[in-house]
Structures are given as structure tokens and as C-alpha cells.
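Asks:
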Amino acid sequence: MRAGRIQAQEMAKLIFEDVRKTGRKVSDRDVLAVLRLWAFKNNDNRQNVMKEGVTFVHSDTLGLLAGRDGSVLVTAATTNYKEVTQIICKWLEDHTPKDLKNKFCFSSINVNSGYAAALHRDANNEGPSMIKALGKFSGGELNYWGEDDKSKGTVEKVCQHEDRLTVDICENLLLFDGNRGHSVEEFEGERFSLVFFTNGQYRKADATLQAGIKDCGINFPTENSMDYFKAMMDKPIGYVRSASAPKRSTQKIWRQPPERKPAGADFTSEAKMKLARTSAFKRSETEWSTECSDTEFIDSNIDHYIAADGRRGVRVCLVGASGKSVLVVDTVEDRKCGGHYKYEKLETFPHGPSLSSHRIADVRDWISAIVKPGRSKAGGTKRCLRNKATAAEPSAPPTKRARGAGA
1 MRAGRIQAQE
11 MAKLIFEDVR
21 KTGRKVSDRD
31 VLAVLRLWAF
41 KNNDNRQNVM
51 KEGVTFVHSD
61 TLGLLAGRDG
71 SVLVTAATTN
81 YKEVTQIICK
91 WLEDHTPKDL
101 KNKFCFSSIN
111 VNSGYAAALH
121 RDANNEGPSM
131 IKALGKFSGG
141 ELNYWGEDDK
151 SKGTVEKVCQ
161 HEDRLTVDIC
171 ENLLLFDGNR
181 GHSVEEFEGE
191 RFSLVFFTNG
201 QYRKADATLQ
211 AGIKDCGINF
221 PTENSMDYFK
231 AMMDKPIGYV
241 RSASAPKRST
251 QKIWRQPPER
261 KPAGADFTSE
271 AKMKLARTSA
281 FKRSETEWST
291 ECSDTEFIDS
301 NIDHYIAADG
311 RRGVRVCLVG
321 ASGKSVLVVD
331 TVEDRKCGGH
341 YKYEKLETFP
351 HGPSLSSHRI
361 ADVRDWISAI
371 VKPGRSKAGG
381 TKRCLRNKAT
391 AAEPSAPPTK
401 RARGAGA
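Letter 324 of the sequence shown, counting from 1, is numbered 324 in the UniProt record's numbering, and no numbers are missing.
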């Protein structure tokens, strides 16, 4: 899985280079090139979107997630593959409808591949959600029940088939309330979807966490920006079957068909795909310093790469108080796609306890014994990727992980 994600990250870097050089916008085709390389995990946590007989879906969350212990965190994929997150966020920024006074605010992105979500309401979603589908497919429209008032019963009871609004989200960008019933029509072909939404626990994110997530390109919400988008959708009142029922606005649709002749290079071409894969291999040739005069360490980084022979590798670096990084662990899997590593501290690094393990969890424990988070002499700070509920919320109960938007 890491190999594919590294390739997607290299593709995003290549696209950004072209975007900066030409001054163009990020296109649907650009994002499609990245998603075709991205390795999706088999996600079995999203029971609310799975149809009967389905045991997992291909779905990843970038950005903020609610922990089971009441904390909020930024998923590892968000920062480990920052350019992937940034390219998706830049796409939304470049395609923001002109009639919006504010850029769409969100804390999280559900990146989905190859499945049609069952009728459901999102869990732990603040509400306003922006969705677009990409790829070469037929079918796959989004069904939306904008008047779904959950106080009137289950989603199956309230959302009747004849009341649905069906939107082609390949041809249109849709703003909707993810807490109201929605589903996806069956489809044939290659289909990806991007759902930008705000986690219901977003207020727990402290300033450091917000700074880290904004660095990845995410336009984190404020109370005012969230209120602006909530006000664009009338509150649901349930379905009134009457000819005199008032017309209401429970969603907003902007026509945005795929570009016929996108600007810039075609990064979905085989030549560009090969270039991204080659760039991923070249990451293994990067020289990392093993010299370090620091005796105190304030941060760490675990980097994944692909070796010249195709095996996956893992490097661990520590950041000293001076701000300089030093390589402390460098290992490759026992065989291609074998997935077994032996993590050992390099002989050139004299600090800390010994390390020899096949478990990455032991590596993290070893790092914890050495790293003392704090401010470096160079002015940098350790990025906080998780924080507990604030003192203003002492009674906040543990929460389930947000199941996000399946579309």
C-alpha cells in the first residue's frame, strides 16, 4: 500500500511543478492521475455505507478524525503524503464557484474509490459537505433527501425512493448536508469521489493542530464560515406530500463538467505515470545525514520509500534541538511485497537504548524514549497531531470515529 501512496505523492509533486510553471489551475485530470496511483485501504469501519454482503470499502480520510478516546487527530496519510492532500485541496480552491462569498471550509476529506454507498446519514459530520465524482464511468449518481428530518424516524423510514433528488456529481459540484439521507446509484467503470466535510468534533482542535492541518492545504472552518454554509441550506422539515408545499433550498448545485481540453500536461498518460513511479524509486537514492552533534531531540519522522530493487523501505529520522535531522534507522523489507522488516538502530547513532525489532510499534516506543517535544533553537515546533477535549468540555464522552461521507 505504501508503494502506491509514495507514487501518488510523487505524481502530486510533478503536477504542482507544472502548475507553478504555467500558472494554471489544478484540473480534474490532475486529481484523477493522483487517485489512480493512490493505494486505498480496505476500510471495514464504515458499516453505515456498506450494502448487504459488502465487508469493506475503499475509502480513506484525509484531515481531521475523531478518536475513540475523545481526542481529535490528523490522520497519518494527511501529513505523510502532504502533497496528495494539498493537490486535492488546491483542486477545490480552483473550482470554488464564483458566487460563493467564502471559500468552502472543511476539516476532512473522504477519498472514495469503486463503491456505491448504501442509503445512510453521516456520523459525526457538522453538515455542509461538498462532493464531486471523477473517472470514466456510467451511472453513479448521488441520491439526496434534502428534507430528511432525522427526528421523524430512521433513514429508511423517512427517505422514500420517490422523494429523492438525483444529481450527476460527475457533471456537477454539489453542496449538501451529509447528515441527511443520501446514497449512490450503481455504476460501471472507474469511479472516484471526493467529499469535503467538517468533523463534528472540529472545535476540539487546538491552534497547533489547526496550524498543522492548514499546512496541508485544508481550509479549516471557523464558527462564522460554518454558519455561512449552513445558512445556504434550509433546515429539513420532513416530506409534506401536498401540491401547495413550498419550494425550499436544501442543497446547491453548480454545473462543472469535466474539462474537454484541460490546460497543462496530461499526467494520466502512461509516460507521466512512469515518471511518477521512477521518481518514487529515486527517493531511495536520497542521501541522509548520519552525523549529528545534538544530544537532545525534539521531533521524529518516519519516511517510506521504494528501493531500487522494488522492495519497500523505512527510514527513521530524529530532529535535534538545533533543527538538524539525523538518520537513525534504515531498513528494507525481507523480500518484495513481503512486508517484514527488521528495525535496528544505526551504529552511527550513539544515543538512546538499543533497538532490534520486527515491530514498528517498538520503534515508536523507542522514539518516545528519546524525543522530548519542544521548541528547537532554529525556531521550529513539534507538530501536535492529536489533542484531548479542551477544559471547556470536561464531560465530553468518548466518541466513535467519524464514519464520514460515503459517496
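Glycine included, C-beta positions come from ideal geometry on N, C-alpha and C.
Since the model is a prediction, treat every value here as computed from it, not as a measurement.
From the DSSP secondary-structure annotation, give me the bridge partner or partners of residue 232.
Replies: In the DSSP output, where bridge partners are listed per residue, residue 232 has none listed.
Asks: Under 7 Å Cβ to Cβ from residue 74, same chain only, skipping five residues before and after it: list those, please.
Replies: 63, 64, 209, 212, 213 and 385
Asks: Can you tell which of 193, 140, 221 and 307 has the C-alpha that lies nearest to the C-alpha of residue 204?
Replies: 221
Asks: Using only CA atoms, which one of 337, 351, 137 and 338 lies nearest to residue 317?
Replies: 351
Asks: Quick check on the DSSP output: what are the complete alpha helix (DSSP H) runs of length 4 or more inside the region 112-174, in order along the chain?
Replies: 155-158
Asks: Any idea if residue 160 is buried or exposed, counting beta-carbon neighbours within 10 angstroms, 16 or more meaning buried?
Replies: exposed
Asks: Can you give me the C-alpha to C-alpha distance between residue 143 and residue 6, rounded to a whole angstrom?
Replies: Answer to the nearest angstrom: the Cα atoms are 34 Å apart.
Asks: Between the alpha carbons of residue 290 and residue 319, how many angstroms are there, rounded?
Replies: 12 Å
Asks: In whole angstroms, what separates the C-alpha of residue 15 from that of residue 274?
Replies: 14 Å
Asks: Taking the runs of the alpha helix (DSSP H) that are 4 residues or longer, which of them lie wholly in the region 240-298?
Replies: 270-282
Asks: Please list, in chain order, all residues of the same chain as residue 196 whose beta carbon is under 8 Å from its beta carbon, the five residues on each side excluded.
Replies: 92, 104, 106, 108, 109, 129, 130 and 131
Asks: I need the straight-line Cα distance from residue 137 to residue 327, nearest angstrom please.
Replies: 45 Å
Asks: Given a threshold of 16 other Cβ atoms within 10 Å of its Cβ, counted over all protein chains shown, does residue 360 qualify as buried or as exposed?
Replies: exposed
Asks: Given a cut-off of 9 Å, decide if residue 171 and residue 255 are closer than it, judged by their beta-carbon atoms.
Replies: Cβ distance < 9 Å, so residue 255 and residue 171 count as in contact.
Asks: Does the beta carbon of residue 132 come closer than 9 Å to any beta carbon on chain B?
Replies: Of the chains in the structure shown, none is chain B; there is only one protein chain.
Asks: Residue ranges of each alpha helix (DSSP H) run of no fewer than 4 residues wholly in the region 12-67, ordered along the chain?
Replies: Note on the region 12-67: whole alpha helix (DSSP H) runs with a minimum of 4 residues are 28-37, in chain order.
Asks: With a floor of 3 residues, list each beta strand (DSSP E) that falls wholly inside the region 316-346, ordered by position along the chain.
Replies: Correct list: 325-332.
Asks: I want to know whether the region 66-81 touches the region 166-183 - three or more CB-CB distances under 8 Å.
Replies: no
Asks: DSSP three-state label for residue 10, please.
Replies: helix
Asks: Out of 60, 339 and 29, state which residue places its alpha-carbon closest to the alpha-carbon of residue 260.
Replies: Measuring from the Cα of residue 260, the nearest candidate turns out to be 29.
Asks: Could you check the C-alpha separation between residue 373 and residue 135 for me, to the nearest Å?
Replies: Distance between the alpha carbons of residue 373 and residue 135 is about 43 Å.
Asks: Looking at C-beta atoms only, is the number of pairs between the region 183-191 and the region 114-124 that lie closer than 8 Å three or more?
Replies: yes
Asks: Please state if the CB of residue 146 and the CB of residue 55 are separated by a distance shorter than 9 Å.
Replies: Taking 9 Å as the cut-off, the beta carbon of residue 55 is found no closer than this to the beta carbon of residue 146.
Asks: What are the residues that DSSP puts in a beta bridge with residue 303?
Replies: According to DSSP, residue 303 bridges with 315.
Asks: Give me the Cβ distance between residue 127 and residue 179, rounded to the nearest whole Å; I'm assuming they're in contact under 8 Å.
Replies: With 8 Å as the limit, residue 127 and residue 179 qualify as a contact, their Cβ atoms being about 5 Å apart.
Asks: In terms of alpha-carbon separation, which member of 307, 303 and 154 lies closest to residue 335?
Replies: Closest by alpha carbon: 307.
Asks: Is residue 34 closer than 9 Å to residue 90 when the C-beta atoms are compared?
Replies: no
Asks: Who does residue 188 pair with in a DSSP beta bridge?
Replies: 138
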